[in-house]
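Written below as structure tokens is the structure these notes are about.
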Amino acid sequence: MHKRAIGAAAVTGIAALLMSACGGSTTVAAKPSTTEAAVPAAASTKAPVRDAAADLVIWADVDRTPIIQKYADEFGKENGIKVVVQVATDVRPQFKDATKVGKGPDVIVGAHDWLGELVQNNTVSPVNLAAADAAKFAPQAIAATKFNGQSYGVPYAVENIALVRNTALAPTAPTKMSDLVSQGQALVKSGKATNILLQEVSKTGNAFYTYPYLAAFAGGGIFATKANGDYDASKVIVNSVGSVKGATELAALGKSKALSTNVDSTNADALFDAGKVPFYFTGPWSIDKAKKANIKYAISPLPSLAGGGKMQPFLGVQMFYVSAKAKNAAFAQEFVTKYVPREDVQMSLFAAGHRPPALTSAYVKATTADPDVKAWFDAGKGGQAMPNIPAMNSVWGPLGQASADVIAGKALPQARFDAAQKEIAANIAKG
């Protein structure tokens, strides 16, 4: 599942990236060292095994590991230490399990919505990013790294979903869901398209993609917010009037065959890249494959829903964390606070997946190099930061399944979302 509380829950997309000053950081004189990147020849679902001889160990996903390796090598030479960068196929649970037995890494790379759980489990340490360096990032990106007012990481990317369309089939972007469906239906009827719309649903649902439908209606969403804008875990609003209107839209899209539980993370990209689907709700992670498939595409904001407003995506922030059990906390802190804020590091990470950089100067440079960055920015306007409170872990399964059930026509929206609300509240109460 592509997923991503912060201080002010309602934010204005990644526009804040344009509001901060530019800058980088300095480095120190080089010293001898060794650095290794543990990249398996074939993908494995097993957790990495920490190199006992390493002074600093970093875990990241397979796409970012080769990039981080380059800078880990530089850091190792500067400090005369051995740095190992390892691929973790499922970073969060693998980090949690390994840390329990003293075998975890010193640094991990992952989404900001992990933060509440990691802090609750005492597995990550506060990160001491200098105020001058923090000011070089988008304010909302920095805010996403905080929990209860304390910073726990350094951000490198901001992401959200949008409407990606095949311009050969859909030259112009529909601004209304009703128009999107009618255009898609016409293309399917003519034989030019196999699907009206692609969105990761699956048999068990996907709450990340469900949220924009709920948020399109007044009072819809997952949690209410407190006076200061923080998410209020004691007030779940999954079965609010607005949320049920969003669920009703999902049911209608299922009935019209615009959405299907047969589409999931294993086949959505491939279906779009076959060139026979006009519309796709997805994020930057799907673009490289589309380019390789020679799909002519464009990125636009999500459409509006009848009786509501524009669909509002979650905003996610990708960041570097420091383990509370780091074998060498000083080196871990130095790598995260001195290297991650560098413009060259942020631009290199941008090259893997094209997620808009969190550092303002890198974002500006990225918009010049890639017009897609501005398009993602426009699509994220008005979005909400994904909750990073621990209670969000109680939401993903029940809300995802509820959405899959109404899309499949197995249940009515009101009754099914009432049940999801009850299940979520009970899960939160259990702690």
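Position in the sequence shown (first residue = 1) + 6 = my numbering.
Positions of the beta carbon are idealized from the N, C-alpha and C atoms, including for glycine.
Please read these numbers as outputs of a predicted model, since none were measured by experiment.
- Fewer than three beta-carbon pairs drawn from the region 289-305 and the region 217-231 are found closer than 8 Å, and the two stretches are therefore not classed as touching.
- If you keep only unbroken alpha helix (DSSP H) runs of at least 4 residues inside the region 285-322, you get 293-298.
- Per DSSP, the unbroken alpha helix (DSSP H) holding Lys-436 starts and ends at 419-436.
- Per DSSP, reduced to three states, the secondary structure at Gln-100 is helical.
- Using a C-beta cut-off of 8 Å, the region 343-354 makes no contact with the region 174-184, since fewer than three inter-stretch Cβ pairs fall below that distance.
- For Val-93, the uninterrupted beta strand (DSSP E) segment begins and ends at 88-93.
- Excluding residues up to 5 positions away in sequence, Phe-153, Tyr-158, Asn-394 lie with their Cβ nearer than 7 Å to the Cβ of Leu-121 in the same chain.
- Counting the other Cβ atoms within 10 Å of the Cβ of Asp-61 gives 16 or more, which makes it buried.
- Asp-376 and His-360 do touch by the CB rule: their CB atoms are close to 6 Å apart, below 8 Å.
- Contact between the region 400-416 and the region 206-217 is established, with three or more Cβ pairs separated by less than 8 Å.
- Membership of Gly-386 in the alpha helix (DSSP H) is indicated by the continuous run 378-386.
- If you look at Val-55, you'll find it isn't in any beta strand (DSSP E); DSSP assigns it neither H nor E.
- For Phe-229, the enclosing beta strand (DSSP E) has its first and last residue at 229-231.
- Taking all protein chains in view, the Cβ of Thr-51 is surrounded by fewer than 16 other Cβ atoms within 10 Å, so the residue is classified as exposed.
- If you look at Glu-206, you'll find it isn't in any beta strand (DSSP E); DSSP assigns it neither H nor E.
- Ala-117 and Ser-188 have their C-alpha atoms roughly 36 Å apart.
- The three-state secondary structure of Ser-271, taken from DSSP, is coil.
- Comparing alpha carbon positions, the residue from Gln-146, Arg-171, Ile-430 closest to Trp-402 is Ile-430.
- By the Cβ-count criterion, Thr-173 is exposed, with fewer than 16 other Cβ atoms from all chains shown falling within 10 Å of its own Cβ.
- Apart from the 5 residues on each side of it in sequence, Gly-225 sits with its Cβ closer than 8 Å to the Cβ of Ile-243, Ser-246, Val-247, Gly-248, Ser-249 in its chain, given in chain order.
- Lys-102 and Lys-198 have their alpha carbons spaced roughly 47 Å apart.
- A straight line joining the alpha-carbon of Leu-186 with that of Phe-285 spans about 8 Å.
- Excluding sequence positions up to five before and after Lys-241, its CB lies within less than 7 Å of the CB of Phe-229, Ala-230, all in the same chain and listed in chain order.
- Under the three-state reduction of DSSP, Asn-128 is assigned to coil, being neither helix nor strand.
- Boundaries around Ser-409 are those of the alpha helix (DSSP H), 402-413, since no beta strand (DSSP E) includes it.
- Counting C-beta atoms within 10 angstroms of its own C-beta, Asn-201 has 16 or more neighbours from the protein chains shown and is therefore classed as buried.
- Boundaries of the beta strand (DSSP E) harbouring Ile-114: 113-117, taken from the DSSP string.
- Between Asn-128 and Ala-330, the C-beta spacing is below 8 Å.
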